[in-house]
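Residue numbers (my numbering): -8 to 169.
Ideal placement from N, C-alpha and C gives every residue a C-beta, glycine not left out.
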């Protein structure tokens, strides 16, 4: 380093506390005030879900009017962890509901449903008991299972060639017509 260049040590940056953060006008809505607030209970968009609750306490600078949050690195990571947990819980709930509705509406078994989806034996049981979180492809296919007619399910239950069904279930956005 050149002798005329000096380096100044800066104090370690820490996340702001409720007392250390001065409330300021919100840059997003120009009507609210950004101050340190606990955002637990707020609903936010996360991945493919429109409303995921922030389940744990998290104090961040947030607007009292538009709910805009100003997050630093550690706060962003913590919010991501909280939302990832809530997303997994909601995905499990939706999966359990879809499989339960499908099995209740049909005279079929989990084994038949697993064959229809091309899943290994016992996989749906693990999903129903919360032992696994389904990936998005399995989730989409299971969500579309209730749209199959009884005749199609009966035919596919005995059909050994199911390779044509799974791509159709995965490609369907919300409904599958047969």
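The beta carbon of residue 36 sits closer than 6 Å to no other beta carbon from its chain once the five residues preceding and following it are set aside.
Note on residue 93: 16 or more other CB atoms within 10 angstroms of its CB, so buried under the neighbour-count rule.
Taking a 10 Å sphere around the C-beta of residue 15, we find fewer than 16 other C-beta atoms and assign the residue as exposed. Taking each of 57, 28, 82, 32 in turn and checking the Cα distance to residue 128, the smallest one comes out for 82. 33 is the residue among 19, 116, 33 whose C-alpha sits nearest the C-alpha of residue 70.
DSSP, read as helix, strand or coil, puts residue 31 in coil. Excluding sequence positions up to five before and after residue 116, its CB lies within less than 7 Å of the CB of 101, all in the same chain and listed in chain order.
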